[in-house]
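J.: My questions all concern the structure below.
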Amino acid sequence: MPPPLVWLITGTSSGLGKRLVKSVLDRGDYVIATARHLSKIQSSDIFSPSEHLKLLELDLSWDSSRMQRVVEDAIGFQGRIDVLVNNAGWALKYLVEDCGVEEFKEQFECNFFGVVRLTNLVLSGMRQRRQGCVVMVGSRSSWLSELPATALYTSSKAALRVYSETLASEVARFSVKVLIVEPGALRTEGIVSARPYIPLGNIPEYQDLRERVDTYYRIDVDGKQRNDPAKVAKVIVDVVKGEGAAGGRPWPLYLPLGVDGVEAMKNKCERLLETIEEWKDVSGYTDHDDYRNNI
116 MPPPLVWLIT GTSSGLGKRL VKSVLDRGDY VIATARHLSK IQSSDIFSPS
166 EHLKLLELDL SWDSSRMQRV VEDAIGFQGR IDVLVNNAGW ALKYLVEDCG
216 VEEFKEQFEC NFFGVVRLTN LVLSGMRQRR QGCVVMVGSR SSWLSELPAT
266 ALYTSSKAAL RVYSETLASE VARFSVKVLI VEPGALRTEG IVSARPYIPL
316 GNIPEYQDLR ERVDTYYRID VDGKQRNDPA KVAKVIVDVV KGEGAAGGRP
366 WPLYLPLGVD GVEAMKNKCE RLLETIEEWK DVSGYTDHDD YRNNI
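With the working numbering as the guide, the letters of the sequence shown map in order to residues 116 to 410.
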């Protein structure tokens, strides 16, 4: 039997992160669970005390030196980190014309730049040991970027997946794997009610659209999301460990989860392929004349 894995999971006070911690512990592995505020995960109502569990405070907006101290503390728990799960994230809601560069910077600081900082700090040990796994929790929303008031969030998640693709190609030589998880809508506590979903902004011509967006999320979506985060967490753990339904399967760079997650990715790919096919007689004729003559 292989030795237990050591997981570092961010954003564990609720939602998917909380379920991931419990699923990993149920398998007998070790977990370093983090949250922006330590008090939110110290209650026994969140996690039962366990010798396999260490709780740490980590804010993805912290600079590299402060984050480094947290990583060192995490490594000190069991001497290594085998699996990093970049789960923490949040969503700013603006219509594009209502916001500026500063709002995009704020969104990317947590959902992208903070992930890059933490990943670089953890990768060093994985590279030296020639083993490890980095899990990036994305969102089907980045494949549905036409939805109003999602531009900040979806662009940060799209940037994360493109970064992850390149990262995967670079670290494969060290036997380090990257997994891009694209879950569908998760029914978790407070995902809508914890913060207002009506987009911020004051351009009057958009007010009706803001109100429709608010109604959609608060009435049509909240509490009706299709996917159980505990089941999503179990599949992620299965894939990382090569167990259950994932046993014997080749490693997937992308892991869409939930019917809606799969459909969002599939529909986007099909639309792109349709565009490529429709425009190939125009798109394919941009070669230099001397290049064409040499063929």
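We put the CB at the ideal spot given by N, CA and C, even for glycine. Computed from a prediction, not measured in an experiment: that's the story for all the values here.
(1) Please list, in chain order, all residues of the same chain as Gly240 whose beta carbon is under 7 Å from its beta carbon, the five residues on each side excluded.
(2) Looking only at C-alpha atoms, which of Ser271, Leu170, Ser257, Asp188 sits nearest to Arg375?
(3) Quick one: Cα of Lys383 to Cα of Arg255, how far?
(4) Which stretch, first to last residue, makes up the beta strand (DSSP E) that contains Glu378?
(5) On the CB-based measure, 16 or more other CB atoms within 10 Å of its CB, does Val352 come out buried or exposed?
(6) Let me know if Lys381 comes out buried or exposed under the rule of 16 or more other beta-carbons within 10 Å of its beta-carbon.
(7) If I follow the unbroken alpha helix (DSSP H) through Gly203, where does it start and stop?
(8) Go ahead and label Arg181 buried or exposed: buried means 16 or more other beta carbons lie within 10 angstroms of its beta carbon, across all protein chains shown.
(9) If you draw a straight line from the C-alpha of Gly215 to the C-alpha of Gly316, how long is it?
(10) Find the nearest neighbour of Cys248 within the set Asn202, Val291, Ser138, judged by alpha-carbon distance.
(11) For the putative contact between Phe223 and Ser271, defined by C-beta atoms under 8 Å, what is the C-beta separation to the nearest angstrom?
(12) So for Leu170, helix, strand or coil by DSSP?
(13) How many angstroms separate the CA atom of Thr234 from the CA atom of Gln322?
(14) Where in the region 255–298 do unbroken runs of the beta strand (DSSP E), each at least 3 residues long, occur, reported from the N-terminal end onward?
(15) In this structure, what does DSSP give as the bridge partners for Gly247?
(16) Looking at C-alpha atoms only, which residue of Val146, Glu393, Gly299, Trp122 is the closest neighbour of Pro344?
(17) How big is the Cα-Cα spacing for Ser165 and Arg364?
(18) Sorted by chain position, which residues of the same chain lie with C-beta nearer than 7 Å to Ser158's C-beta, five sequence neighbours on each side aside?
T.: Working from what's here:
(1) Ile190, Arg195, Ile196
(2) Note that residue 375 is Asp in the sequence shown here, rather than Arg. When Ser271, Leu170, Ser257, Asp188 are compared, the shortest CA-CA separation from Asp375 is found for Ser257.
(3) 10 Å
(4) Glu378: not part of any beta strand (DSSP E); member of the alpha helix (DSSP H) spanning 374–398, first to last residue.
(5) buried
(6) exposed
(7) According to the sequence as given, residue 203 is Ala; it is not Gly. Here Ala203 belongs to no alpha helix (DSSP H), and DSSP marks it neither H nor E.
(8) exposed
(9) 11 Å
(10) Nearest C-alpha to Cys248: Val291.
(11) 5 Å
(12) strand
(13) Near 40 Å, if we compare the C-alpha coordinates of Gln322 and Thr234.
(14) With a minimum length of 3 residues, the continuous beta strand (DSSP E) runs that stay inside the region 255–298 are 291–298.
(15) Gly247 is bridged to Val291.
(16) The shortest Cα separation from Pro344 among Val146, Glu393, Gly299, Trp122 belongs to Gly299.
(17) 32 Å
(18) none
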